[in-house]
Amino acid sequence: MFFKLNQNQLMYYSLESVAMLNTSAGLIFTGQVEMEESRVTRRGLVLGSLSLMISGCVSGSEDGPPLGYNVFGRDPDENPNLRRQEVAYDGGEPPGTIVVNTSERYLYFVEQGGRATRYGVAVGQEGLSFKGEATVGRKAEWPSWKPTDDMMQRKPRLMQYADGVPGGPLNPLGAAALYLYQDGHDTMFRLHGTNAPWSIGHAVSNGCIRLTNSNIVDLYSRAPVGTRVLVI
1 MFFKLNQNQL
11 MYYSLESVAM
21 LNTSAGLIFT
31 GQVEMEESRV
41 TRRGLVLGSL
51 SLMISGCVSG
61 SEDGPPLGYN
71 VFGRDPDENP
81 NLRRQEVAYD
91 GGEPPGTIVV
101 NTSERYLYFV
111 EQGGRATRYG
121 VAVGQEGLSF
131 KGEATVGRKA
141 EWPSWKPTDD
151 MMQRKPRLMQ
161 YADGVPGGPL
171 NPLGAAALYL
181 YQDGHDTMFR
191 LHGTNAPWSI
201 GHAVSNGCIR
211 LTNSNIVDLY
221 SRAPVGTRVL
231 VI
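Given below as C-alpha coordinates:
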(Lines of atoms letter the chains of each structure in order from A; the text may use other names.)
(Lines give C-alpha, C1' and ligand atoms only; values in the text may rest on other atoms or scores of the structure.)
Protein backbone atom coordinates (compact mmCIF):
# COMPACT_ATOMS: atom_id res chain seq x y z
CA MET A 1 0.00 0.00 0.00
CA PHE A 2 1.31 3.46 -0.91
CA PHE A 3 0.42 6.50 1.17
CA LYS A 4 0.88 9.62 -0.94
CA LEU A 5 1.32 13.32 -0.26
CA ASN A 6 -0.71 15.92 -2.16
CA GLN A 7 0.74 19.08 -3.73
CA ASN A 8 0.15 21.34 -0.70
CA GLN A 9 1.70 18.77 1.62
CA LEU A 10 4.77 18.45 -0.60
CA MET A 11 5.20 22.23 -0.64
CA TYR A 12 5.07 22.38 3.17
CA TYR A 13 7.79 19.81 3.74
CA SER A 14 11.26 20.36 2.30
CA LEU A 15 13.57 17.57 1.16
CA GLU A 16 15.71 18.47 4.15
CA SER A 17 12.87 17.75 6.56
CA VAL A 18 12.18 14.40 4.92
CA ALA A 19 15.85 13.45 5.25
CA MET A 20 15.80 14.43 8.91
CA LEU A 21 12.71 12.34 9.55
CA ASN A 22 14.33 9.27 8.00
CA THR A 23 16.32 8.91 11.20
CA SER A 24 14.28 10.76 13.81
CA ALA A 25 10.83 9.34 13.10
CA GLY A 26 11.52 5.87 11.79
CA LEU A 27 10.32 6.61 8.26
CA ILE A 28 12.03 5.07 5.28
CA PHE A 29 11.44 6.86 1.96
CA THR A 30 12.21 5.21 -1.37
CA GLY A 31 12.14 6.63 -4.87
CA GLN A 32 12.43 10.32 -5.69
CA VAL A 33 9.87 12.98 -4.92
CA GLU A 34 10.28 16.49 -6.28
CA MET A 35 9.28 19.15 -3.78
CA GLU A 36 9.06 22.90 -4.12
CA GLU A 37 11.09 25.03 -1.70
CA SER A 38 9.51 24.92 1.76
CA ARG A 39 7.69 27.99 3.03
CA VAL A 40 9.27 27.48 6.45
CA THR A 41 12.89 28.19 7.34
CA ARG A 42 15.25 25.51 8.54
CA ARG A 43 15.26 26.99 12.03
CA GLY A 44 11.49 27.18 12.09
CA LEU A 45 11.28 23.60 10.87
CA VAL A 46 13.52 22.24 13.60
CA LEU A 47 11.93 24.25 16.41
CA GLY A 48 8.44 23.56 15.12
CA SER A 49 9.08 19.85 14.78
CA LEU A 50 10.05 19.63 18.44
CA SER A 51 6.65 21.04 19.40
CA LEU A 52 4.81 18.80 16.95
CA MET A 53 6.54 15.65 18.16
CA ILE A 54 5.09 16.07 21.65
CA SER A 55 1.61 16.83 20.38
CA GLY A 56 -1.19 14.62 19.18
CA CYS A 57 -4.91 14.31 18.55
CA VAL A 58 -6.76 16.81 16.45
CA SER A 59 -9.78 19.09 16.23
CA GLY A 60 -10.32 18.61 12.51
CA SER A 61 -8.68 17.11 9.46
CA GLU A 62 -8.80 17.11 5.69
CA ASP A 63 -6.82 15.05 3.24
CA GLY A 64 -6.25 15.77 -0.43
CA PRO A 65 -5.50 14.14 -3.76
CA PRO A 66 -2.36 11.99 -3.84
CA LEU A 67 0.95 12.94 -5.41
CA GLY A 68 4.42 11.46 -4.87
CA TYR A 69 5.01 8.28 -2.90
CA ASN A 70 6.78 6.81 0.07
CA VAL A 71 7.20 3.43 1.75
CA PHE A 72 7.42 2.73 5.47
CA GLY A 73 9.90 0.39 7.12
CA ARG A 74 10.11 -0.94 10.65
CA ASP A 75 12.05 1.14 13.14
CA PRO A 76 15.15 -0.94 14.03
CA ASP A 77 15.11 0.50 17.58
CA GLU A 78 11.53 -0.55 18.25
CA ASN A 79 11.00 -2.61 21.42
CA PRO A 80 10.50 -6.23 20.21
CA ASN A 81 7.59 -6.65 22.65
CA LEU A 82 5.77 -3.77 20.96
CA ARG A 83 6.20 -4.98 17.40
CA ARG A 84 3.23 -6.11 15.34
CA GLN A 85 2.67 -9.84 15.76
CA GLU A 86 -0.03 -12.49 15.71
CA VAL A 87 -0.97 -13.73 19.18
CA ALA A 88 -3.53 -15.96 20.88
CA TYR A 89 -6.61 -13.99 21.92
CA ASP A 90 -9.57 -15.05 24.07
CA GLY A 91 -11.31 -11.75 24.76
CA GLY A 92 -14.63 -12.90 23.31
CA GLU A 93 -15.05 -10.09 20.76
CA PRO A 94 -15.97 -11.12 17.20
CA PRO A 95 -13.39 -11.07 14.40
CA GLY A 96 -12.88 -7.64 12.91
CA THR A 97 -13.12 -5.84 16.27
CA ILE A 98 -10.39 -3.47 17.44
CA VAL A 99 -9.64 -3.70 21.17
CA VAL A 100 -7.27 -1.23 22.83
CA ASN A 101 -5.99 -2.22 26.27
CA THR A 102 -4.56 1.05 27.57
CA SER A 103 -2.91 -0.46 30.65
CA GLU A 104 -1.10 -3.06 28.53
CA ARG A 105 -0.25 -0.49 25.81
CA TYR A 106 -1.52 -2.91 23.15
CA LEU A 107 -4.10 -2.73 20.38
CA TYR A 108 -5.62 -6.00 19.16
CA PHE A 109 -7.29 -6.55 15.81
CA VAL A 110 -9.35 -9.68 16.45
CA GLU A 111 -8.96 -12.46 13.88
CA GLN A 112 -10.63 -15.84 13.34
CA GLY A 113 -9.82 -18.91 15.43
CA GLY A 114 -8.89 -17.29 18.73
CA ARG A 115 -6.11 -15.19 17.23
CA ALA A 116 -5.42 -11.47 16.95
CA THR A 117 -2.88 -9.14 15.41
CA ARG A 118 -1.31 -7.18 18.26
CA TYR A 119 0.27 -3.73 17.96
CA GLY A 120 2.18 -1.69 20.52
CA VAL A 121 0.62 1.73 21.12
CA ALA A 122 1.09 4.97 23.01
CA VAL A 123 -1.95 6.07 25.00
CA GLY A 124 -3.29 9.27 26.52
CA GLN A 125 -1.87 10.88 29.60
CA GLU A 126 -3.86 10.45 32.81
CA GLY A 127 -7.13 12.32 32.61
CA LEU A 128 -7.03 12.68 28.83
CA SER A 129 -7.70 9.15 27.62
CA PHE A 130 -10.81 7.97 25.80
CA LYS A 131 -12.51 4.89 27.28
CA GLY A 132 -15.52 3.04 25.96
CA GLU A 133 -16.97 1.84 22.67
CA ALA A 134 -16.90 3.60 19.32
CA THR A 135 -16.84 2.88 15.61
CA VAL A 136 -14.47 3.95 12.86
CA GLY A 137 -16.48 6.79 11.33
CA ARG A 138 -13.99 7.68 8.63
CA LYS A 139 -10.37 7.17 7.58
CA ALA A 140 -7.72 9.44 6.10
CA GLU A 141 -4.24 9.04 4.65
CA TRP A 142 -1.72 11.71 5.69
CA PRO A 143 -4.35 13.67 7.64
CA SER A 144 -3.81 17.31 8.48
CA TRP A 145 -3.61 18.28 12.14
CA LYS A 146 -5.00 21.15 14.16
CA PRO A 147 -4.68 21.47 17.96
CA THR A 148 -7.89 21.74 19.92
CA ASP A 149 -8.66 24.79 22.06
CA ASP A 150 -8.02 22.71 25.19
CA MET A 151 -4.63 21.62 23.85
CA MET A 152 -3.60 25.20 23.12
CA GLN A 153 -4.73 26.25 26.59
CA ARG A 154 -2.61 23.52 28.19
CA LYS A 155 0.35 24.14 25.86
CA PRO A 156 0.35 27.75 24.57
CA ARG A 157 3.29 27.03 22.24
CA LEU A 158 0.84 25.06 20.07
CA MET A 159 -1.00 28.27 19.18
CA GLN A 160 1.44 28.71 16.29
CA TYR A 161 -0.35 25.74 14.67
CA ALA A 162 -3.87 27.12 15.20
CA ASP A 163 -4.44 27.24 11.43
CA GLY A 164 -3.41 23.61 11.07
CA VAL A 165 -0.47 21.61 9.75
CA PRO A 166 -0.70 19.72 6.42
CA GLY A 167 -0.33 15.97 6.44
CA GLY A 168 3.26 14.81 6.08
CA PRO A 169 6.28 13.36 7.87
CA LEU A 170 6.37 16.02 10.64
CA ASN A 171 2.65 15.86 11.31
CA PRO A 172 1.73 14.39 14.75
CA LEU A 173 -0.95 12.17 13.18
CA GLY A 174 1.57 10.37 11.00
CA ALA A 175 0.65 8.44 7.88
CA ALA A 176 -3.01 7.74 8.60
CA ALA A 177 -5.85 8.17 11.05
CA LEU A 178 -8.99 6.24 11.94
CA TYR A 179 -11.60 8.62 13.37
CA LEU A 180 -13.66 7.34 16.30
CA TYR A 181 -17.38 8.13 16.28
CA GLN A 182 -20.21 7.52 18.76
CA ASP A 183 -23.84 7.74 17.67
CA GLY A 184 -22.76 9.31 14.40
CA HIS A 185 -20.73 12.08 16.06
CA ASP A 186 -16.98 12.60 16.02
CA THR A 187 -15.50 11.96 19.49
CA MET A 188 -12.35 13.92 18.54
CA PHE A 189 -10.30 10.82 19.39
CA ARG A 190 -8.31 8.92 16.77
CA LEU A 191 -6.19 5.89 16.15
CA HIS A 192 -3.28 7.37 14.24
CA GLY A 193 0.37 7.22 13.26
CA THR A 194 3.09 9.33 14.81
CA ASN A 195 6.17 11.42 14.15
CA ALA A 196 7.59 10.22 17.50
CA PRO A 197 7.88 6.40 17.32
CA TRP A 198 9.90 6.31 20.54
CA SER A 199 6.69 7.27 22.40
CA ILE A 200 5.11 3.88 21.69
CA GLY A 201 4.58 1.97 24.92
CA HIS A 202 4.05 5.11 27.02
CA ALA A 203 1.20 7.31 28.25
CA VAL A 204 2.15 10.56 26.53
CA SER A 205 -0.54 11.61 24.06
CA ASN A 206 -3.40 14.10 24.36
CA GLY A 207 -5.83 11.21 24.51
CA CYS A 208 -5.57 9.52 21.13
CA ILE A 209 -4.02 6.12 20.46
CA ARG A 210 -0.72 6.25 18.56
CA LEU A 211 0.84 3.49 16.48
CA THR A 212 4.04 3.52 14.47
CA ASN A 213 3.46 4.59 10.88
CA SER A 214 4.13 1.08 9.55
CA ASN A 215 1.54 -0.29 11.98
CA ILE A 216 -1.16 2.29 11.30
CA VAL A 217 -0.76 1.59 7.58
CA ASP A 218 -1.28 -2.12 8.33
CA LEU A 219 -4.29 -1.48 10.57
CA TYR A 220 -5.73 0.97 8.03
CA SER A 221 -5.74 -1.81 5.43
CA ARG A 222 -7.58 -4.21 7.76
CA ALA A 223 -10.21 -2.00 9.39
CA PRO A 224 -12.96 -0.55 7.17
CA VAL A 225 -15.28 2.29 8.12
CA GLY A 226 -17.81 0.86 10.56
CA THR A 227 -15.28 -1.25 12.47
CA ARG A 228 -16.18 -1.57 16.16
CA VAL A 229 -13.55 -0.19 18.54
CA LEU A 230 -13.41 -1.00 22.26
CA VAL A 231 -11.01 0.97 24.47
CA ILE A 232 -10.56 -0.44 27.97
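Counting from 1, one number per residue, gives the positions in the sequence shown under UniProt numbering.
C-beta: ideal position from N, C-alpha, C; glycine also.
Because the structure is a prediction, the values reported are computed rather than measured.
Tell me the DSSP bridge mates of Trp-142? Note: Trp-142 sits in no beta bridge, so no partner.
Spatial neighbours of Leu-191 within its chain, please: CB distance less than 6 Å, with the 5 preceding and 5 following residues excluded, ordered by chain position. Leu-178 and Ile-209
So for Gln-160, helix, strand or coil by DSSP? helix
What do you get for Val-87, buried or exposed, if any count of 16 or more other CB atoms within 10 angstroms of its CB means buried? exposed
Following the continuous alpha helix (DSSP H) through Asp-170, name the residue where it begins and the one where it ends. Residue 170 is actually Leu in this sequence, not Asp. It is not in any alpha helix (DSSP H) - Leu-170 carries neither H nor E in the DSSP assignment.
Rounded to the nearest angstrom, what separates Glu-93 and Val-110 at their Cα positions? 7 Å
Quick one: residues in its chain with C-beta nearer than 6 Å to the C-beta of Met-53, no 5 flanking neighbours on either side, listed in chain order? Its pLDDT being 46, under 50, Met-53 is placed unreliably by the model, and the measurement read from it follows with that caveat. Answer for Met-53: Asn-195 and Ala-196, listed in chain order.
So Arg-118 packs on Tyr-106, CB below 8 Å; how close in whole Å? 5 Å
When you compare each of Pro-143, Gly-174 and Tyr-161 to Asp-149 by their alpha carbons, which one comes out closest? Nearest of Pro-143, Gly-174 and Tyr-161 to Asp-149, Cα basis: Tyr-161.
Pick from Arg-154, His-185 and Pro-166: whose alpha carbon is nearest that of Ser-205? Nearest neighbour of Ser-205 by Cα position, chosen from Arg-154, His-185 and Pro-166, turns out to be Arg-154.
Just to confirm, is the Cβ distance from Gly-226 to Val-99 under 8 Å? no
Tell whether a beta-carbon distance below 8 Å holds between Gly-113 and Ser-144. no
Decide if Pro-95 is buried, meaning its Cβ has at least 16 other Cβ atoms within 10 Å, or exposed. exposed
Could you work out which residue in Arg-222, Leu-211, Glu-133 and Pro-80 is closest to Gly-184 when comparing CA atoms only? Glu-133
Using the rule of at least 16 other Cβ atoms within 10 Å of the residue's Cβ for burial, across every protein chain shown, is Pro-156 buried or exposed? exposed
Check each candidate in Ala-175, Glu-104, Pro-80 and Lys-139 and name the one with the smallest Cα separation from Tyr-181. It is Lys-139 whose Cα lies nearest to the Cα of Tyr-181.
Nearest-angstrom Cα distance between Thr-187 and Ala-203? 19 Å
Do Val-121 and Ile-232 come within 8 Å of each other at the CB atom, strictly closer than that value? no
Is it buried or exposed, Asp-218, if we count other Cβ atoms within 10 angstroms and call 16 or more buried? buried
Is Ile-200 helix, strand or coil by DSSP? coil
Candidates Thr-212, Val-229 and Leu-230: which alpha carbon is nearest Arg-84's? Taking each of Thr-212, Val-229 and Leu-230 in turn and checking the Cα distance to Arg-84, the smallest one comes out for Thr-212.
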